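Residue numbers (my numbering): 68 to 1014. In this text, a Cβ means the ideal position worked out from N, Cα and C, and glycines have one as well. On a predicted model such as this, the values are computed, not experimentally measured, just so you know. Notes for the one structure printed next.
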Amino acid sequence: MLKSKTFVKKTRSGGIMKIVREHYLRDDIWCGSEVCTECKQEETVLQKDACIESNLCSFPHYLLPDTNIVLSQIDILEDPLIKNVIILQTVLQEVRHRSAPIYKRLKDILHDKEKHFYTFTNEHHRETYIEREQGESANDRNDRAIRISTKWYSDHLNNTPTDKRLKVVLLTNDRGNKEKAEESGLLTYRCEEYVKSLIANPELVDRLALTNDDKNEITSSKVLFPEHLPLSRIQSGIKSGTFQQGTFRASRDNYLEATVFVHGEGDDSTEVLIQGLQNLNRAVHQDLVAVEILPLNQWVAPSSVVLQDEGPKEDDVTEEEEAELKSGPSGAASRKPTGRVVGIIKRNWRPFCGMLFLSQIKEATRHLFTPADRRIPRIRIETRQAATLAGQRIMVAVDGWPKHSRYPNGHFVRSLGSAGDNETETEVLLLEHDVPHQDFSQAVLSFLPKMPWNITEEDMAVREDLRNLTVCSVDPPGCTDIDDALHCRDLPNGNQEVGVHIADVSHFIRPGNAMDLEAANRGTTVYLTGRRIDMVPELLSSNLCSLRSSVERLAFSCIWEINDKAEIVKTRFTKSVINSKASLTYAEAQMRIDDANMNDDTTKSLRGLNRLAKILKKRRIEKGALTLSSPEVRFHIDSETHDPIDLQTKELKETNSMVEEFMLLANISVAQKIYDEFSECALLRKHPAPPPSNYDILNKAAKSKDLVIHTDSAKALADSLDAAQVDGFPYFNTLLRILATRCMMQAVYFCSGMDSDFHHYGLASPIYTHFTSPIRRYSDIIVHRLLAVAIGADSTYPDLMDKHKQSALCNNLNYRHKMAQYAQRASVAYHTQLFFKSRGILNEEGFILFVRKNAIIVLIPKFGLEGTVFFENKDKPSPKLIFNEEAPSLTVEGHSFNMFDKVKVTISLDASNVQHQKIRMSLVEPVISGVSVAPSEPEVKRAKLDR
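In structure tokens, the structure reads:
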């Protein structure tokens, strides 16, 4: 049966185009039920014995949720208890259009055979398809389609002689839809009614998302926040320039402050400062919001106060809270564009990890949930299992934030385990940073090569045989995913041949298959302390792709002829087969280079590489490449308890720099090659120059020591940093470079056809990409594919040449890379806490990195640890703290603290708050009487030059 729809569409040129769409209807679409004898179905999904203990439905039944139930109650549908559910095509399509994350979760449920969820294509079934009536809204038409399909299922299953008791239950929270369904004789319940009827599983009630009626019940009558403007007003305001739209970024240091990053044309992006609860107006970190810029005379400077929401408050915005912000620096130069949130364009809520803050009221069911991420506000939830959840890490989803409520409302999703347990804390860390870490699916694993695997004659026929070369790898200790190896040998003409050989991962991962899609989604391998979350299955990452010694491996080689001045004479790229002669650590390679008694081929190769690398690095720095600094730490982990037993800052050797120089050279050479061949779709990496304002803190720090830092170019900055020395203070230059690192922008992937600025600021290179780590970075796999096509070693495919798809891929890679960095830092911070937990109280010397209005931020070089010493004066009247924003300096009881001052602090773990355990730093020297010092929140900062 054929239906057709005809409509007209206006073209770009202003013409009118007639569109005819054909819609085919069938009567052979299966119902999916085991009890059915009418449908000639090859397999069934819905079970015959669909029983669940309910005081409303004591008979076998299938559930059929409408669209809003799926959108709002996905946590209920994901529960293992809920099975035998019919998802209509109408519902699936609506969910897809309205929420991509929930659509993905629903698709995951549909693919889970244990759940028995069945998709019924009602829009193509002759008896369930309906056309939209005149004057009927699209929403009303879809509600009617859902009722028609429910009726069809009920009648269809009742015609089955095997079991007349089986019924279909429509779940809807829409009052009008429910009334019409009941008028049609359909069995219909609200989701809350049905879930509360499951008497054997009362804990499921906690996972119910609040309906609008529920939200009104638990809020006060007092309006605390301004009304959000409707979307139509927001859109017209943005069009007229009255409002700006941007991403809301809450402050970690001050819960009463945020910025909204407004994207503009080219470099015209701006940050709008938001201060005070009323102006923040219920926006949550990463929401897309509309802001109104306040008049110039209301612009303010960012607050210098470190302020954290330390406890539950009543549904009121207190004057004390707002007053905390009013004492910021008022100089015109310090002020920034300031605004207020007038509406939410798109919520970016996700399930949040954290802990329950139990109500002090006996028998209470309403409690406050404290997220692990301090940028997220507390969330009010209703639960009857608070006693059980106390001390547990749990997940909570936000349902809404009424204007009458101090906090948003939400519901319990699931428990993750006991707080403080290593596995639980790692799970929290991965979830909070959105790191995909589930086991690889069978669909992914099915594309692994069959073992035993060997290099075939067909492989050898299309590759260069380099197995005779003295190739070796140099990596950190314990590295099993070896991406790269090198060789260096003398040529008869007096030049040297240098090769960088990279694991040929793209040979194993073919475009578009399940393994490729999974790697593209993960984007990067994530290295935590004591654990690695692989981008590709371990058979590839640690075995078949890893360039281990004494085994033959497939590689993609970049080979140069280089003269004595380290100038490139010739470059070529080839698919190859290598056999590494040694897998060395940086320390082992360094010992070979330094030991005059060692003169084997591998050692000679390393010495040649090291000599050339020094020349390359010197030339790169002369061109303006930055040598920045950031303390990196290494833990020694107990093999049984997995707790850290030692913590040291990493020592870098010449061999670290040697490997880095040739990886940089390979990346630059490959970048130029793929851009020359594919100017519109090359995947490149750039590092934007920081805006001048980013250097304010660096300039102030230098000025305090009567030095000047020039920042008009990377070369000027590099030269200024080299010249910045203070007599008797050798660590000063390192501190300055650490500060300069914080001024930098994030390096990002981009598609060459979508951008015109390719420059890499930190490396002082006009073009750059990532080629050298395809085991752990998906960007490198794409670059390998582009290079293979460029040299005729592989064929292309449509997505590789589509600049828009490449650009979308780059956005995901940038996000995954950023979150991986944050996850790694969080893992180091957590293990630092474990280390100090077993160490008790330590006294250590440190340096002041930053000065705030009520605190100093101290770096402990020995541990690469950064923490905040808060000053509180509870016994004497204020002010005893005098903050000079220009210096910057903080005077406490007459003693002045300046950037880079040396201090001595005690370090210990404060575990009084299980949710947010803190490294407590308190001042030992200089001694200041009458001042108590509060615990700090530590950070371990890690950064390195972009390879």
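Buried or exposed (CB count within 10 angstroms, at least 16 for buried), N364: Counting the other CB atoms within 10 Å of its CB gives N364 a total below 16, which places it among the exposed residues.
Chain-order list of residues whose beta-carbon lies under 6 Å from that of K85 (same chain, five-residue window excluded): V75
Inter-residue Cα distance where the pair is H851 and F575: 12 Å
Span separating the alpha-carbon of W468 from that of R349: 7 Å
Residue burial classification, G859 (beta-carbon count within 10 angstroms, cutoff 16): exposed
Coil, strand or helix - W219 by DSSP: Residue state, collapsed to three classes: helix.
Complete runs of the alpha helix (DSSP H) confined to the stretch 809–886 [at least 4 residues]: 845–857
Integer-rounded CB distance, given that A855 should sit under 8 Å from S573: 7 Å
Between the CA atoms of C118 and R883 - distance to the nearest angstrom: Each residue's CA atom was taken as its position, placing R883 and C118 some 42 Å apart.
Inter-residue spacing [alpha-carbon to alpha-carbon] between T547 and E655: 16 Å
Cβ distance (whole Å) where F640 is taken to contact K740 below 8 Å: 7 Å
H58 (DSSP reduced to helix, strand or coil): For the chain, the structure presents residues 68 to 1014; residue 58 sits outside this window and is missing.
For V726 and A622, the rounded distance between their alpha carbons: Taking the straight line from one Cα to the other gives about 17 Å.
Alpha carbon of L277 to alpha carbon of A890, nearest angstrom: 31 Å
G931 to L803 span [Cα, whole Å]: Distance between the alpha carbons of G931 and L803: 15 Å.
Local Cβ density within 10 Å of Q792, reported as buried at 16 or more and exposed below that: exposed
Rounded distance between the beta-carbons of M518 and V644, thought under 8 Å: Their Cβ separation, rounded to whole angstroms, is 19 Å, which puts V644 and M518 out of contact at 8 Å.
Local Cβ density within 10 Å of N226, reported as buried at 16 or more and exposed below that: By the neighbour-count rule (16 or more Cβ atoms within 10 Å), N226 is not buried but exposed.
According to DSSP, residues forming a beta bridge with A14: Nothing about residue 14 can be reported from this structure: the residues present for the chain run from 68 to 1014 only.
Contact check, D19 vs T592, beta carbons under 7 Å: No answer is possible for residue 19: it lies beyond the span of the chain, which begins at 68 and ends at 1014.
G458 vs A486 beta-carbon contact at 7 Å: Taking 7 Å as the cut-off, the Cβ atoms of G458 and A486 count as close.
CA-to-CA distance, A552 to I688, given in whole angstroms: One Cα belongs to I688, the other to A552, and the distance between them is close to 24 Å.
Cβ-Cβ separation, I915 to D968 (assumed contact under 8 Å), whole Å: 5 Å
K872 to D866 span [Cα, whole Å]: Answer to the nearest angstrom: the Cα atoms are 6 Å apart.
Option nearest T111 by Cα separation, candidates I197, I96, S540 and S125: The candidate whose alpha carbon is nearest that of T111 is I96.
Per DSSP, cross-strand counterpart(s) of D542: T652
7 Å CB neighbourhood of Y594 in its chain, flanking five on each side removed: Q891
Given Y261 as reference, the closest of H128, H898 and K753 once Cα atoms are compared: H128
Classification of F902 by the beta-carbon crowding that lies within 10 angstroms, buried from 16 upward: buried
Start-end ranges of the beta strand (DSSP E) lying completely within the stretch 714–775, minimum 3 residues: 750–753
Coil, strand or helix - D1027 by DSSP: It is not possible to answer for residue 1027, since the shown part of the chain is limited to 68 through 1014.
Whole-angstrom C-beta distance between G421 and Q982, which should lie under 8 Å: 7 Å
Buried/exposed call for S746, threshold 16 Cβ in 10 Å: exposed
Endpoints, the beta strand (DSSP E) within which L483 is located: N476 to S485 is the span of the beta strand (DSSP E), which, as asked, contains L483.
For N965, the residue or residues it bridges with in DSSP: S956
N321, buried or exposed, once every other Cβ within 10 Å from all chains shown has been counted against 16: buried
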